[in-house]
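Residue numbers (the working numbering): 16 to 164.
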């Protein structure tokens with residue numbers, strides 16, 4: 016009952032401010048103030064304020080909010096564990112294998128430096144050029160051929 020009285024008083028005060036603003040020839044602002052002032056009155060008339068007051072002082076309602084919070088916490092925890100674990104070992108392996116070819120565009124060529132060695136493998140030894148004149152332009156020619164130039 017107190018909440019309804021307060022909302023009605025706020026609405027009346029807001030409408031009074033709107034009238035004073037309209038008297039000063041600021042009609043658009045007065046209309047906006049009147050719209051804001053009518054919101055608490057509408058909430059009282061629809062029963063929302065009474066429902067909120069009953070909910071705020073109801074232990075059953077607060078227990079319900081606690082149950083909803085617990086439910087949200089359980090959902091968030093299971094989602095986090097699921098993301099960290101990533102499913103079974105077979106699912107993770109299948110996901111890695113299916114994601115590896117998709118890392119580059121289908122028509123893209125291999126990188127100029129080659130692919131990085133997998134875990135547990137040593138990098139391939141580098142080959143030294145046989146002729147001094149060939150090593151100057153052989154890399155450039157290989158890159159140009161790779162790009163179709």
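The beta-carbon is built from N, C-alpha and C at its ideal position, and this holds for glycine as well.
As the structure is a computational prediction, the values presented were derived from the model and not from experiment.
What number of angstroms, rounded off, separates the C-alpha of residue i from the C-alpha of residue j?
i	j	result
residue 49	residue 43	10 Å
residue 37	residue 26	16 Å
residue 75	residue 41	48 Å
residue 88	residue 30	45 Å
residue 83	residue 69	19 Å
residue 81	residue 97	24 Å
residue 55	residue 28	11 Å
residue 35	residue 21	21 Å
residue 71	residue 18	12 Å
residue 78	residue 106	40 Å
residue 16	residue 85	33 Å
Considering only residues of the same chain and omitting the five flanking positions on each side of residue i, which have a CB-CB separation below 7 Å?
i	result
residue 53	26
residue 33	45, 48, 49 and 52
Considering just the uninterrupted stretch of the alpha helix (DSSP H) at residue i, what are its terminal residues?
i	result
residue 86	74 to 100
Three Cβ pairs or more, each shorter than 8 Å: is that satisfied between the region 59 to 71 and the region 91 to 101? Verdict: no, contact absent.
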